[in-house]
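Shown next, in structure tokens, is the structure this report addresses.
Numbering (the UniProt record's numbering), first residue to last: 1 to 153.
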């Protein structure tokens, strides 16, 4: 959680949600998100995370290192929402995501436009895929999530 605090430093609480009892969730700007279930009922809900689209590693249930996650992975959709299932009986009664644990990304561009460059952050290196060998059509509002795997061009 130290890394979470460092990543979200300087941001404000946004996207607050609660069930009126013992379940809460909120984002820290567009850099982090926390959901907590301290209640007697399971927490199964789609929530606005404020995060960019992609797949994130939950830093409570596992570790994130070199682009790999040992815990639960959470998919954030192109509209910033994600589905959470936090069981009341779980030892991990919370989920914490931040942009430093993004396993994959989603590129959303204008409808019928060609992607000229795709940036993939994996293993702390940046790989650039140029349009010389790789094209992808992306529809607005649809998110194609791909694992960060470098490709040779």
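All C-beta atoms in this analysis are idealised placements derived from N, C-alpha and C, irrespective of residue type, glycine included.
If you ignore the 5 residues before and after residue 46, its C-beta comes within less than 6 Å of the C-beta of 81, 83, all in its own chain and listed in chain order. Beta-bridge partners of residue 73 (DSSP): 57. A residue is called buried when at least 16 other Cβ atoms come within 10 angstroms of its Cβ; residue 2 does not meet this threshold and is exposed. Comparing alpha-carbon positions, the option among 7, 29, 24, 23 lying closest to residue 13 turns out to be 29. Cβ atoms of residue 94 and residue 35 come within 8 Å of each other, at about 6 Å.
Between residue 88 and residue 43, the alpha-carbon positions lie close to 7 Å from each other. With contacts defined as CB atoms closer than 8 Å, residue 49 and residue 27 qualify as a contacting pair.
Where residue 85 is concerned, the enclosing beta strand (DSSP E) starts and stops at 81-86. Residue 5 has its alpha-carbon roughly 17 Å from the corresponding atom of residue 62. With contacts defined as CB atoms closer than 8 Å, residue 74 and residue 53 fail to qualify as a contacting pair.
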